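**Q** Pasting in a structure now, in structure tokens, and then I'll have a few things to ask.
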Amino acid sequence: MPTQRWLPVHGQEYRGVPYRPSRMDQEASLAAARDLRARMNERRTVRQFSSDPVPEQVVRDAIAVAATAPSGAHQQPWTFVLVKDPDVRRRIREAAEHEERVSYAGRLGEEWLEALRPLGTDAVKAHLTDAPFLIVVFQQRYLLAGDGTTRKHYYVDESVGIAVGMLLTALHLSGLAALTHTPSPMRFLSEVLGRPRNEKAFAVIPVGYPADDCEVPDLVRKSLDQVLVEI
Numbered sequence: 005m006p007t008q009r010w011l012p013v014h015g016q017e018y019r020g021v022p023y024r025p026s027r028m029d030q031e032a033s034l035a036a037a038r039d040l041r042a043r044m045n046e047r048r049t050v051r052q053f054s055s056d057p058v059p060e061q062v063v064r065d066a067i068a069v070a071a072t073a074p075s076g077a078h079q080q081p082w083t084f085v086l087v088k089d090p091d092v093r094r095r096i097r098e099a100a101e102h103e104e105r106v107s108y109a110g111r112l113g114e115e116w117l118e119a120l121r122p123l124g125t126d127a128v129k130a131h132l133t134d135a136p137f138l139i140v141v142f143q144q145r146y147l148l149a150g151d152g153t154t155r156k157h158y159y160v161d162e163s164v165g166i167a168v169g170m171l172l173t174a175l176h177l178s179g180l181a182a183l184t185h186t187p188s189p190m191r192f193l194s195e196v197l198g199r200p201r202n203e204k205a206f207a208v209i210p211v212g213y214p215a216d217d218c219e220v221p222d223l224v225r226k227s228l229d230q231v232l233v234e235i
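For the numbering used here, add 4 to where a residue sits in the sequence shown, where the first one is 1.
Put into structure tokens, the structure is as follows:
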């Protein structure tokens with residue numbers, strides 16, 4: 005069955021279609037929520053990756069899940085660049101580490117460095133070449149049509165942020181580890197990957213399996229009562 009292609013829409017009249025999902029019974033809903041909460045509580049950010057190959061279709065399906073995220077005016081202002089080429093990943097690492105060295109040498113400021121210290125991070129970003137895949141997420145600041153015309157996008161940061169959260173969830177539930185890496189500035193990513201002028205890098209996400217000797221910081225998440233307000 006051919007896949008329906010999305011085309012930009014603007015100013016067209018509203019057209020509704022029926023939406024009648026089957027309702028899950030309460031017992032099944034409670035069980036599903038409990039299982040999801042437990043599984044997601046196991047998610048950790050990983051910086052030490054194995055070079056073992058990962059099924060590419062798992063990653064592609066996770067990106068497809070991310071692309072179902074809600075977005076302002078349904079403009080879907082995101083591009084996911086799946087980087088497999090080792091040479092391109094090496095170039096990204098070299099550029100990222102250059103920016104990180106400058107940042108850790110003082111650009112970040114002492115307050116930010118103090119906040120990072122418990123995480124054990126530094127300017128060395130081996131995950132960019134050790135992980136078998138990088139997903140570089142770009143936000144489309146505006147629509148750039150084939151004829152060069154442009155149209156504004158709305159709630160771009162919020163939309164892409166939600167999509168990245170769904171991507172991390174899908175990767176974790178598929179048995180993979182990931183990291184959100186945001187070197188600053190990130191202009192080099194557009195240059196290395198040849199992205200158009202309407203796109204701005206949002207995050208680099210290495211994807212793979214944790215290394216056999218992987219360690220993560222000894223951290224505690226906020227409890228539900230610390231993040232939930234009931235009125």
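Yeah, the Cβ is synthetic: ideal placement off N, Cα and C, and Gly gets one too.
Because the structure is a prediction, the values reported are computed rather than measured.
#1: Closest by CA to LYS156, which one among GLU203, LEU123 and ALA130?
#2: What number of angstroms, rounded off, separates the C-alpha of MET170 from the C-alpha of ALA70?
#3: Beta carbon of HIS131, beta carbon of ARG51: below 8 Å?
#4: Quick check: what's the CA-CA separation for ARG43 versus ALA174?
#5: Relative to the C-alpha of GLU219, which candidate in VAL231, LEU147, PRO25 and SER54 has its C-alpha closest?
#6: Can you name, in chain order, every residue of its own chain whose Cβ lies under 6 Å from the Cβ of TYR158, other than the five neighbours on each side?
#7: Do you know offhand how far PHE84's Cα is from VAL141's?
#8: Any Cβ of chain D within less than 8 Å of the Cβ of ARG97?
#9: Have a look at the DSSP bridge pairing and note the partners of HIS157.
#10: If you follow the alpha helix (DSSP H) that VAL63 is in, where does it begin and where does it stop?
#11: Can you tell which of GLY212, LYS226 and VAL224 has the C-alpha that lies nearest to the C-alpha of LYS88?
#12: Does DSSP put GLU46 in a helix, in a strand, or in coil?
#13: Would you say THR49 and LEU197 are within 8 Å of each other, going by their C-beta atoms?
#14: For the beta strand (DSSP E) containing PRO210, name the first residue and the last one.
#15: What first and last residue would you give for the alpha helix (DSSP H) that runs through VAL92?
#16: Looking at VAL208: is its Cβ nearer than 8 Å to the Cβ of LEU138?
#17: Look at VAL58 and LEU180 and say whether their C-beta atoms are less than 8 Å apart.
#18: Quick one: Cα of LYS226 to Cα of GLY150, how far?
#19: ILE94: which of ALA66, PHE192, ALA205 and PRO214 sits nearest, CA to CA?
#20: Between VAL167 and PRO136, what straight-line distance do the alpha-carbon atoms span, to the nearest angstrom?
#21: Have a look at GLN80 and THR154 and give me their C-alpha separation to the nearest angstrom.
#22: Nearer than 7 Å: is that true of the beta carbon of THR125 relative to any heavy atom of the ligand FMN?
#23: If you compare alpha carbons, which of PRO22, TYR108 and GLU114 is closest to ASP126?
#24: Nearest CA to the CA of HIS185: which residue from ALA119, LEU11 and LYS129?
**A** In terms of the structure at hand:
#1: GLU203
#2: 5 Å
#3: yes
#4: 11 Å
#5: SER54
#6: GLY76 and ALA77
#7: 5 Å
#8: Structure shown: chain D not included; a single protein chain is present.
#9: Answer by DSSP bridge pairing: none, since HIS157 is not bridged.
#10: 60–70
#11: GLY212
#12: coil
#13: no
#14: 203–212
#15: 90–106
#16: yes
#17: yes
#18: 47 Å
#19: In the sequence as presented, Ile is not what sits at residue 94; that position holds Arg. Comparing Cα positions, the closest option is PHE192.
#20: Correcting the residue type first, residue 167 is Ala in the shown sequence and not Val. Approximately 22 Å between the Cα atoms of the pair.
#21: 15 Å
#22: For the structure depicted, the ligand FMN is absent and the ligand set is empty, with no information on it obtainable.
#23: TYR108
#24: LYS129
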